[in-house]
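First comes the structure, then the notes that go with it.
Number of protein chains: 2
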Amino acid sequence: MPKATRPRKDRVTPVPVVRLGPLEDFIGFHLRLAQEASFRAFAQRVGDRRLRPSRFAIMALIAENPGITQTALSRASARDKSTLTTALDDLVVRGLVLRGRAPEDRRSYALMLTARGRQVLARLMTHAAAHDRQLDELVGPAGKLALLRLLRRIIGGLD
Amino acid sequence: MPKATRPRKDRVTPVPVVRLGPLEDFIGFHLRLAQEASFRAFAQRVGDRRLRPSRFAIMALIAENPGITQTALSRASARDKSTLTTALDDLVVRGLVLRGRAPEDRRSYALMLTARGRQVLARLMTHAAAHDRQLDELVGPAGKLALLRLLRRIIGGLD
DNA sequence: TATTGTTATACTCTATAACTATA
DNA sequence: TATAGTTATAGAGTATAACAATA
Numbered sequence: 001m002p003k004a005t006r007p008r009k010d011r012v013t014p015v016p017v018v019r020l021g022p023l024e025d026f027i028g029f030h031l032r033l034a035q036e037a038s039f040r041a042f043a044q045r046v047g048d049r050r051l052r053p054s055r056f057a058i059m060a061l062i063a064e065n066p067g068i069t070q071t072a073l074s075r076a077s078a079r080d081k082s083t084l085t086t087a088l089d090d091l092v093v094r095g096l097v098l099r100g101r102a103p104e105d106r107r108s109y110a111l112m113l114t115a116r117g118r119q120v121l122a123r124l125m126t127h128a129a130a131h132d133r134q135l136d137e138l139v140g141p142a143g144k145l146a147l148l149r150l151l152r153r154i155i156g157g158l159d
Numbered sequence: 001m002p003k004a005t006r007p008r009k010d011r012v013t014p015v016p017v018v019r020l021g022p023l024e025d026f027i028g029f030h031l032r033l034a035q036e037a038s039f040r041a042f043a044q045r046v047g048d049r050r051l052r053p054s055r056f057a058i059m060a061l062i063a064e065n066p067g068i069t070q071t072a073l074s075r076a077s078a079r080d081k082s083t084l085t086t087a088l089d090d091l092v093v094r095g096l097v098l099r100g101r102a103p104e105d106r107r108s109y110a111l112m113l114t115a116r117g118r119q120v121l122a123r124l125m126t127h128a129a130a131h132d133r134q135l136d137e138l139v140g141p142a143g144k145l146a147l148l149r150l151l152r153r154i155i156g157g158l159d
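See the structure below:
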């Protein structure tokens with residue numbers, strides 16, 4: 001370990017950090033950094049650039065709610081319906097999602113996963129589970145429950 | 001209230017909700033929703049589309065670390081340096097940030113706020129404080145401490 | 001050789017408004 | 001009139017790679 005003998009730089013501050021000032025105590029700032037870090041770690045785990053967390057969430061929601069309409073899905077994922085159109089176009093073209101017409105209301109679509117979509121989702125789900133286990137380990141079992149509870153309060157309270 | 005007499009639709013499920021399935025327990029999914037909700041609420045509070053949370057964070061970090069370089073700032077905000085270039089170009093053009101050459105290393109810039117930048121930041125800071133108070137109320141005083149601690153673990157653990 | 005910052009480029013995500021087709 | 005979804009369009013945000021200046 002040759003690095004062990006490297007002389008430390010003289011510093012006024014103990015570490016070469018940036019002072020956060022008021023940001024230090026802002027929940028919003030930390031939410032952004034944590035979400036960003038989580039996003040990156042998940043994307044890196046999956047590898048495929050075209051299967052990012054947002055696509056994973058869409059597919060998971062369709063799998064859990066077969067026949068869901070695009071509008072319902074857009075509400076659940078907090079996105080405008082036009083945003084969903086683009087994402088679903090991509091998933092349909094790639095043979096992962098099926099847009100079936102809903103017979104009872106011919107304005108809307110009934111979304112479903114294809115067989116291939118279910119396979120891909122299963123693979124993503126193992127990555128997501130592993131990713132979430134990594135997060136669990138960082139915060140501990142009690143921390144996970146507390147964190148989810150606190151995040152849900154924020155999500156529900158800022159409607 | 002004429003709606004009071006509207007007959008309820010027969011539903012198998014008690015409310016027209018979307019089932020989250022495994023997402024229900026994923027930290028990453030809730031981080032995204034919470035960050036999104038917080039982002040929106042802050043942006044709405046500020047009004048100005050060109051002063052979003054990311055710009056606010058940049059300005060706050062410069063104010064707290066006058067003379068900071070772009071690279072140091074990019075690390076603190078977890079963005080590539082090329083991303084910072086664009087954002088700083090905008091802030092400089094608008095007269096909020098000053099790029100001064102650092103005499104000791106002429107490759108880098110020493111960033112500072114202009115007088116106008118300090119004024120704008122002060123205004124943003126009051127919005128941010130109000131926004132954070134709103135979040136505080138949602139999670140409670142003990143919840144805030146717990147939440148910050150948990151988020152820091154995630155941020156620090158996913159390097 | 002390595003680092004700071006810029007530029008060129010491209011891709012994703014997002015939303016608004018106007019549109020269509022149905023209801 | 002109202003709703004589901006599409007399209008056209010635009011704007012942020014992000015990153016990679018190649019580059020010039022400096023160390």
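Chains A and B, in that order, are what the protein sequence lines are.
When the letters of the first sequence are read in order and numbered with the UniProt record's numbering, they come out as residues 1 to 159.
When the letters of the second sequence are read in order and numbered with the UniProt record's numbering, they come out as residues 1 to 159.
Ideal Cβ placement from N, Cα and C applies to all residues, glycine included.
Does the CB of residue i have a neighbour CB from chain A at under 7 Å?
i, result
"residue 104(B)", "no"
"residue 90(B)", "no"
"residue 153(B)", "yes"
"residue 52(B)", "no"
"residue 55(B)", "no"
"residue 35(B)", "yes"
"residue 139(B)", "yes"
"residue 18(B)", "yes"
"residue 32(B)", "yes"
"residue 115(B)", "no"
"residue 100(B)", "no"
"residue 110(B)", "no"
"residue 132(B)", "yes"
"residue 142(B)", "no"
"residue 43(B)", "no"
Among the options, whose alpha-carbon lies nearest the alpha-carbon of residue i?
i, options, result
"residue 59(A)", "123(B), 142(B) and 23(B)", "23(B)"
"residue 143(A)", "138(B), 122(B) and 149(B)", "149(B)"
"residue 136(A)", "126(B), 151(B) and 137(B)", "151(B)"
"residue 40(B)", "104(A), 31(A) and 73(A)", "31(A)"
"residue 159(A)", "90(B), 26(B), 97(B) and 134(B)", "134(B)"
"residue 47(A)", "61(A), 72(A), 98(A) and 120(A)", "120(A)"
"residue 124(B)", "111(B), 147(B) and 49(B)", "49(B)"
"residue 128(B)", "57(B), 17(B) and 27(B)", "57(B)"
"residue 113(A)", "104(A), 126(A), 97(A) and 103(A)", "97(A)"
"residue 34(B)", "139(B), 89(B) and 145(B)", "139(B)"
"residue 42(A)", "91(B), 105(B), 29(B) and 102(B)", "29(B)"
If we cut at 7 Å on Cβ distances, does residue i have a partner in chain B?
i, result
"residue 38(A)", "yes"
"residue 27(A)", "yes"
"residue 123(A)", "no"
"residue 160(A)", "Past the edges of chain A, shown from 1 to 159, lies residue 160(A), and the structure says nothing about it."
"residue 87(A)", "no"
"residue 148(A)", "yes"
"residue 23(A)", "yes"
With a cut-off of 8 Å on the beta carbons, I'd call residue i and residue j a contact; round off their distance for me.
i, j, result
"residue 155(A)", "residue 37(B)", "5 Å"
"residue 69(B)", "residue 109(B)", "6 Å"
"residue 160(A)", "residue 95(A)", "In this structure chain A extends from 1 to 159, so residue 160(A) is not present and cannot be described."
"residue 73(A)", "residue 111(A)", "7 Å"
Inset, instruction - With a floor of 3 residues, list each beta strand (DSSP E) that falls wholly inside the UniProt domain "HTH marR-type" (23-156) of chain A, ordered by position along the chain. - result: 97-101 and 109-113
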